[in-house]
Amino acid sequence: MTISRTTEAEIFSATAAKLAEQGYDVIAEPTATLLPEALKAFRPDGIAIGKDPKLVIQIAGEGPQYSKRVADLQKALKDLTGWKLHLVVGTELAASEIPTADDASILLNINRARRLLEDEPEAALLIAWATLEAISRSRRPAEFARAQSPGRIIERLANEGVVTASEASSLRAMAVKRNAFIHGDLQQAINAEELARFLQIIGKLMNSQVLRTPPVSEAM
């Protein structure tokens, strides 16, 4: 199945809509508690449940990094009863790179979010997420060149120790609110205190030497 779209988020949204029409309940960026043991280490783009077979949704582009992940997923699913890989290949994923922001632009947007904390918390939340992704891309341009889901950024930073377990927990909570809000849940309660904590973490990442250093396996 090939879908020509410019971002992984758009591809996932289109895929989720089609699966919902088939009677599935689609969950984006499922937590480990929702996954069978064999899949907990993968954190796939999504799962589709509610009917058989259950589906593991993986968005892939062209390139060896995608091929390896798909092969590993297929191996994990081989002996897993009731689950099947639902692979979606986006032909534009590899090419849809986003320009890297400079530090001046990043700092400008951090300050914009701070000014909006009290009066426009929803706007502050969206600006903060955009800024977090911009920082990640600025420090690791090869790794984060294309659009990233919030969950993928958080798990990468947490797994490498760039953020603490407590910070990762805070980021996950904010990601849930961000996802709900952009998908139309206008009743999301977003308060200034948790946003201030979010911006504190972003400020820390600006100066993180760990984030500036790619993992050993990727640097070699």
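Residue numbers are given in full-length UniProt numbering: position 49 of the sequence shown equals residue 49, and the series is strictly consecutive. Heads up, the beta-carbon is just placed ideally off N, CA and C, and yes, glycines get one too.
Classified as exposed, PRO141 has fewer than 16 neighbouring CB atoms from the shown chains inside 10 Å of its CB. In this structure, ALA28 is the residue among LYS68, ILE154, ALA28 with its C-alpha nearest to the C-alpha of ALA180. Note: LEU55 is bridge-paired with ALA48, LYS84 in the DSSP secondary-structure output. When DSSP states are grouped into helix, strand and coil, ILE153 belongs to the helix group. In the DSSP assignment, ARG139 forms no beta bridge with any residue. Rounded to whole angstroms, TYR24 and GLN209 show a C-alpha spacing of 43 Å. Between the region 72 to 83 and the region 146 to 159 there are fewer than three C-beta pairs closer than 8 Å, too few to call the two in contact. The Cβ-Cβ distance between THR131 and ILE106 falls below 8 Å. In the structure shown, the three-state DSSP call for VAL26 is strand.
SER105: member of the alpha helix (DSSP H) spanning 103 to 115, first to last residue.
Contact between the region 44 to 57 and the region 9 to 25 is established, with three or more Cβ pairs separated by less than 8 Å. In the three-state DSSP reduction, ARG43 falls in the coil class, being neither helix nor strand. In this structure, the straight-line span from the alpha carbon of GLU167 to that of GLN200 is close to 10 Å. Taking ALA134 as the centre and dropping the five residues before and after it, the same chain places the C-beta of ALA101, ILE106 closer than 7 Å to its C-beta, in chain order. For LYS54, the CB contacts under 8 Å within the same chain, skipping 5 residues up- and downstream, are ILE47, ALA48, GLY82, TRP83, LYS84 in chain order.
Separation of the CB atoms of ARG139 and LEU34 is rounded to 30 Å, and the pair is thereby denied contact status at 8 Å. In the DSSP assignment, ARG212 forms no beta bridge with any residue. Burial is judged here by how many other beta carbons sit within 10 angstroms of a residue's own beta carbon; SER67 has fewer than 16 and is exposed. Of the residues ALA158, ASN159, GLU194, LEU157, the one whose Cα lies closest to the Cα of ALA173 is GLU194.
Within the same chain, and ignoring the five residues on either side of LEU157 in sequence, the residues whose Cβ sits closer than 6 Å to its Cβ are VAL163.
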